[in-house]
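Undergrad: The sequence shown begins at 28 in the working numbering and counts up by one.
In this text, a Cβ means the ideal position worked out from N, Cα and C, and glycines have one as well.
For reference, the structure I am asking about is given below.
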Amino acid sequence: MNKKLESTMRRAVISERAQRGMSWLLFIEILWLAGTLGLVAYKFLNIGNWAWLVGGLAYFGFLWLRRYSLFCKVMSIIFTVYWVFGFTALSYSSYGISAMTIGVAVVSLIFIGGIHWRGLQEMDDLYAR
């Protein structure tokens, strides 16, 4: 096999793995959100053991909505804010308002935001085909 074809195939495999990885990230985050909705239904709506049905319907609804890029963008923004707020709150509980807390917020925003931004671009490429 010539080098050009080999490098093209290697890039295609790497791209496919990255797209599958970002799809898994959104899948796991959607699964967490659907489970949270099921827990909310169980605790606050007092529907008893039927809460698993709420979680399951929410999960399949989210998977159905995943085909729309606007939904993916909104969910990426929500999950980025969620992760950044969580890391900042953990730092704030140990250090209070300090340079460390601000640094954790900025670094987590750059890192987590970058992951979700890249995932959005790759999912847009994946669903645009």
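(1) Expressed to the nearest angstrom, what Euclidean distance is found between the alpha-carbon atoms of V67 and I104?
(2) Can you tell me the Cα-Cα spacing of S118 and T128, whole angstroms?
(3) What does the Cβ neighbour count give for G82, buried or exposed, with the cut at 16 atoms within 10 Å?
(4) By the DSSP assignment, the alpha helix (DSSP H) with W91 in it spans what residues?
(5) Can you give me the C-alpha to C-alpha distance between L92 and I55, rounded to a whole angstrom?
(6) If distances are taken between C-alpha atoms only, which option among W51, G146 and I139 comes closest to K100?
(7) Give the DSSP-derived three-state secondary structure of G123 in the structure shown.
(8) Which class does Y95 belong to by DSSP, given the choice of helix, strand or coil?
(9) Could you give the DSSP three-state label for L136: helix, strand or coil?
(10) Could you tell me which of S120, F112, I142 and L80 sits nearest to A132, measuring between CA atoms?
(11) Could you tell me the alpha carbon to alpha carbon distance between F89 and M102, rounded to whole angstroms?
(12) Report back the beta-carbon spacing between Y95 and L58 to the nearest angstrom; my notes put them in contact at under 8 Å.
TA: This is what the structure gives:
(1) One Cα belongs to V67, the other to I104, and the distance between them is close to 22 Å.
(2) 5 Å
(3) Residue burial annotation: G82 is buried, with at least 16 other C-beta atoms found within 10 angstroms of its C-beta.
(4) Counting along the chain, W91 sits inside the alpha helix (DSSP H) bounded by residues A78 to L92.
(5) 15 Å
(6) G146
(7) Here G123 sits in coil by DSSP.
(8) coil
(9) L136 falls in the helix class under three-state DSSP.
(10) F112
(11) 10 Å
(12) About 18 Å; that fails the 8 Å criterion.
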